[in-house]
Amino acid sequence: MSSPPKALQHSAPKELFSAQRAYDHVRRVAQTPHSIGTPAHAKVRDYIMDECSRLKLQTGIQHTTATRTLGGRIMAGNIHNIIASIKGRVGEKAIVLMAHYDSQPHTPGAGDDGAGVAALLETARLLKESKPLKNDVILLFTDGEEVGLLGAQAFVTESKLLSKVALVINLEGRGNTGVSTMFEVNPENGWIMMEYANGAAYPMANSLSFEIYKKLPNDTDYSIFKEAGIAGLNHAFIEGFANYHSMTDTPDNLNLNSLQHHGENMVSLVKHFGNIDLVQTKGADRSYFNILGSWLVQYPGSWNFLFVVIGNVLTITILCTGLIKKRTHIKGVLAGFTFFPLLILLSSLIIMLFLKAIKWYYPLYNNFYAANSYNCYYYFFAIISLGIAIYVLPLAWVCKKFSIDSILTGILVVVTIILTALYQVAPTASYIVFLPLVSIGCAHLIVILKNLDYALQPRPYEALFFLGALPS
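Residue 240 in my numbering sits at position 236 of the sequence shown, with consecutive numbering throughout.
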């Protein structure tokens, strides 16, 4: 159910974002590779400038030598940022809409980041034909992203407009299809996440990615603004990863529905943020995730401590109740406690060896990022099936030796330890363990309290655990 909205055609009303209209820009921007300093790069810059002039935007170029130090290396480049402005009614604060217009040397860059550039241009057209917003809008087409985020660095360190910037909405691409996920947000994200949930047309985000991305070495242009303490929302589609930084990242291979998702969310967000007060853009971190499609659930991050307490109390209650009612036994609990992590480790090890064998048999897969080949979904299915088999077959043997109640209790103890540890390293991602733990734990506790016997009462037994498994 996590799928982008259907692309709108050229005939769509002018007040709506049309992926087909934006796609016309993609075809011009992503004709050929256009890395920084090449003639093709200059043509793309001229095209964007012409389009901004046609829309009668206040447009200029920030031309400078940008430098950035990273990991003992100094990166430098002759960059040309394109900056176009749309004045607001008040104009005390500004929203930056950002995408980079340079590509890697060996790719046309339709997804990375021609789609982002096209979405900005179509959004600019729509804003010019709409009522003025309260806040200013700055369209920032950055240069030199692929060689070290140099354009973003230059804007943050040199542009006089920075003092007005309250938040940034960045569009990126790490593939050429899939939903446009909001994968990164600023620390102290409480305010902006509540507004994102209210403003985005099709919100797609989870705080697990927020926690993981903080620990990854990956960077985008928004990284520079985040380091400067500016609030922001970073979006990308990440399916079709085999086409990332590849000659196959062409306009013909770009999913227009993904482009529509990029654009509709940007338009809805800029209209929302464009008409509200942007003085205070920080608040206590929140947890958030999608349940079905773009249905986004969010709650204060402080609740996660309570959830950890509930998880621990529930597991202790299950353990004690089972022992008192003699439904569980210490040996069986220890078996579940031991075998569960061992089976997870065993499946991980075998799958790792399986992947190494595939890459040995097909060495060309090493040419892709993370060996993520065009037919990767078949491998995903094979890996999941292999993991289930490795887990289920030994567990079936263990279940013949000990009662299922005892084994499941031991497994829940392990999961509770995982929940407690996860809260320490990634607090706002606790939901991903807490919800399955509580739902399955409650089903298990009811079975113990009601003294249900699977042999005698299979239907209520199965129904309880089916409902308990649904949140997983």
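For glycine and all other residues, C-beta sits at the position ideal for the given N, C-alpha and C. Source: prediction; values computed, not measured.
Do Asn261 and Pro8 have their CB atoms nearer than 9 Å?
Cβ atoms of Asn261 and Pro8: closer than 9 Å.
On the DSSP bridge assignment, give the partners of His239 in chain order.
For His239, which the question treats as bridged, DSSP gives the partners Leu175, Met186.
Less than 9 Å between the beta carbons of Leu471 and Thr319, yes or no?
Cβ atoms of Leu471 and Thr319: not closer than 9 Å.
Do you know offhand how far Arg77's Cα is from Val417's?
Cα to Cα, the separation comes out at about 47 Å.
What does the alpha-carbon distance come out to for the pair Thr127 and Ile234?
Cα to Cα, the separation comes out at about 22 Å.
For Asp140, which three-state DSSP category applies?
Strand.
Can you tell me which of the three DSSP states Ile280 falls into?
DSSP places Ile280 in coil when its eight states are reduced to three.
With distance defined between alpha-carbon atoms, name the residue in Gln284, Ala473, Phe344 nearest to Glu199.
Measuring from the Cα of Glu199, the nearest candidate turns out to be Gln284.
Decide if the segment 172-189 is in contact with the segment 204-213; the criterion is three or more beta carbon pairs, one per stretch, under 8 Å apart.
Yes, they touch.
Relative to the C-alpha of Lys230, which residue among Ala156, Leu349, Asp256 is closest?
Residue Ala156 is the option with its Cα nearest to Lys230.
Give the straight-line distance between the Cα atoms of Leu2 and Phe358, rounded to the nearest whole angstrom.
No statement about residue 2 is possible, as the shown extent of the chain runs from 5 to 476 and does not include it.
Give a yes or no on whether the C-beta atoms belonging to Leu175 and Leu137 are separated by under 9 Å.
No.
Check whether the segment 247-260 and the segment 21-35 are in contact - that is, three or more C-beta pairs closer than 8 Å.
Counting Cβ pairs under 8 Å, three or more are found: they touch.
Which residues does DSSP list as the beta-bridge partners of Ile394?
Answer by DSSP bridge pairing: none, since Ile394 is not bridged.
Looking at the strands, I want to know which residues DSSP matches up with Met102.
Beta-bridge pairing links Met102 to Leu144, Asn174.
Please state whether DSSP places Leu300 in a helix, a strand or coil.
In this structure, Leu300 counts as strand in the three-state DSSP scheme.
Kindly indicate the opening and closing residues of the beta strand (DSSP E) around Tyr292.
Tyr292 -> beta strand (DSSP E) spans 290-294.
With three or more C-beta pairs closer than 8 Å as the rule, is the segment 324-342 touching the segment 462-470?
Short answer: they don't touch.
Drop a sphere of 10 angstroms on the beta-carbon of Cys324, count the other beta-carbons inside from all chains shown, and report buried for 16 or more, exposed for fewer.
Counting Cβ neighbours within 10 Å, Cys324 comes out exposed, since fewer than 16 surround it.
Would you give the residue range spanned by the alpha helix (DSSP H) that Gly155 belongs to?
From DSSP, the alpha helix (DSSP H) with Gly155 extends over 154-162.
Got a sec, what are the start and stop residues for the beta strand (DSSP E) Gly81 sits in?
Unbroken beta strand (DSSP E) run through Gly81: 77-90.
Write down the C-beta distance between Gly287 and Glu192 rounded to the nearest angstrom, noting that I regard them as a contact closer than 8 Å.
Rounded, the Cβ-Cβ distance is 6 Å, consistent with contact.
Going by the beta-carbon positions, is the gap between Leu347 and Leu399 smaller than 9 Å?
Cβ distance < 9 Å, so Leu347 and Leu399 count as in contact.
Taking Cβ to Cβ, would you say Asp140 is nearer than 9 Å to Ile83?
No.
First and last residue of the alpha helix (DSSP H) that includes His448?
Unbroken alpha helix (DSSP H) run through His448: 435-453.
How long is the line joining the alpha carbons of Tyr51 and Gly81, rounded to whole angstroms?
Roughly 21 Å separates the two Cα atoms.
Take every Cβ of the segment 59-77, pair it with every Cβ of the segment 152-170, and state whether three or more of those distances are shorter than 8 Å.
Yes, the segment 59-77 touches the segment 152-170.
Buried or exposed for Ser476, please, with buried defined as at least 16 other CB atoms from any protein chain shown within 10 angstroms of its CB.
Ser476 should be labelled exposed.
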